[in-house]
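Data first, discussion second: the structure below is written as structure tokens.
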Amino acid sequence: MYDQMPMLIGWDIGGAHLKAALVDERGQAIKVFQLSCPLWKGTTELVSAMQRMLKLMEASDVQHVVTMTGELVDYFPNRQTGVREIKHVVISLLGEEVRFYAGQLGFISAEEVDSNALHIASMNWHASASFVAKHVQDALFIDIGSTTTDLIPVQAKQLMNQATTDADRMASNALIYTGVIRTPLMAIGQKITFREKSYHVAAEHFATSADVYRLLGQLPECVDIAETADGQGKTMSETARRIARMIGYDVDDASMQDWMALAEAFKALQMYQLRQAVMQYTQNNSVVLVGAGVGDFLVKEIATVLECTYLNVIDMIQAEERTTLQNAAICFPAYALACLAIDDGNH
14 MYDQMPMLIG WDIGGAHLKA ALVDERGQAI KVFQLSCPLW KGTTELVSAM QRMLKLMEAS
74 DVQHVVTMTG ELVDYFPNRQ TGVREIKHVV ISLLGEEVRF YAGQLGFISA EEVDSNALHI
134 ASMNWHASAS FVAKHVQDAL FIDIGSTTTD LIPVQAKQLM NQATTDADRM ASNALIYTGV
194 IRTPLMAIGQ KITFREKSYH VAAEHFATSA DVYRLLGQLP ECVDIAETAD GQGKTMSETA
254 RRIARMIGYD VDDASMQDWM ALAEAFKALQ MYQLRQAVMQ YTQNNSVVLV GAGVGDFLVK
314 EIATVLECTY LNVIDMIQAE ERTTLQNAAI CFPAYALACL AIDDGNH
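Residue 328 in the numbering used here sits at position 315 of the sequence shown, and the numbers go up by one each step.
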């Protein structure tokens, strides 16, 4: 198959995960994978993850396009340096012909990266939203990932975002640092109710949002690949133990049902934060919410509460195998990027 038609791999290089989608000339996803890549430990982590990804893809004679958010990790002194160093890793493994996504500038060559670093930095959301805009007339695109949530309005098939940089997007609630895997629970709320009593939440990295959704059975094992806060396992008991610590308890101080109720309370706090952000963009319930990412189930729940129509990007993705389809929805920026490159003739 690979010799008969041009193939393309879209890469989404994050600070904690590496995502890649192998797509054919029709935009059909062939293989899509996500790997752990703790880039804050150094660029050797990216080298290792990309090498593993290339082995998984088993594809030769393919073209590559890249988007990134990994330049933000504190391993780099600033974003421009991060973009440059990631570029060097990428071309060392994929070659000089790789193209980088620069938002409104489109795809640019490796030699153009250094002078356009800030156009490349954290632009995966733009690729995703641009793909969605090709499929819906008007909507609010919401990608809830492991660490962050992106909200981008689409009107008349055009992106209506006012901000483009991370700082400006964070100031306008277009980028919210909350996700369903890596968010420390201390960042979700300062007080929480447990067994009809209010508790201050410990300002310690005892547990993450993955513990909440794992305990509630909403986090698929295939995406639950981040390290836990205490470096221990992911059984129900170990998960409950971490959540119990957030309010000063040991896991044996209450029942599993109680700890699941506490997890529901943390979920409610996160849902409230997300719902308030969504309501800034929705004047009425006629707005269509388009969900993506590992936390797309929360978008569906928000749509139900706000009585909005819900769509999932999975309905916009082409793939023959169900697993590939689901992986493409989880790794949506990588898939969307590859499709944009095909549409624009950049492969």
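Ideal placement from N, C-alpha and C gives every residue a C-beta, glycine not left out. The model shown is predicted, which means the values in this text are computed figures rather than measured ones.
Item, Value
"Per DSSP, the bridge partner or partners of residue 33", "24 and 46"
"Chain-order list of residues whose beta-carbon lies under 7 angstroms from that of residue 87 (same chain, five-residue window excluded)", "53"
"Residue from 315, 349, 321 and 320 whose Cα sits closest to the Cα of residue 328", "349"
"4 or more residues per run - each alpha helix (DSSP H) lying fully within the region 71–114", "92–107"
"Local Cβ density within 10 Å of residue 280, reported as buried at 16 or more and exposed below that", "buried"
"Reduced DSSP category for residue 237 - H, G, I as helix; E, B as strand; rest coil", "coil"
"Per-residue burial, residue 377 [other beta carbons within 10 Å of its own, 16 or more giving buried]", "With the chain running from 14 to 360 in the structure shown, residue 377 is simply not present."
"Three-state secondary structure (DSSP) of residue 222", "helix"
"Extent of the continuous alpha helix (DSSP H) run through residue 137", "137–146"
"Between the CA atoms of residue 172 and residue 300 - distance to the nearest angstrom", "15 angstroms"
"First and last residue of the uninterrupted beta strand (DSSP E) at residue 163", "162–168"
"Residue 265 versus residue 257: straight-line alpha-carbon distance, rounded", "9 angstroms"
"Pairwise C-alpha distance: residue 201 and residue 182", "19 angstroms"
"Span separating the alpha-carbon of residue 248 from that of residue 199", "21 angstroms"
"Residue 264 (DSSP reduced to helix, strand or coil)", "helix"
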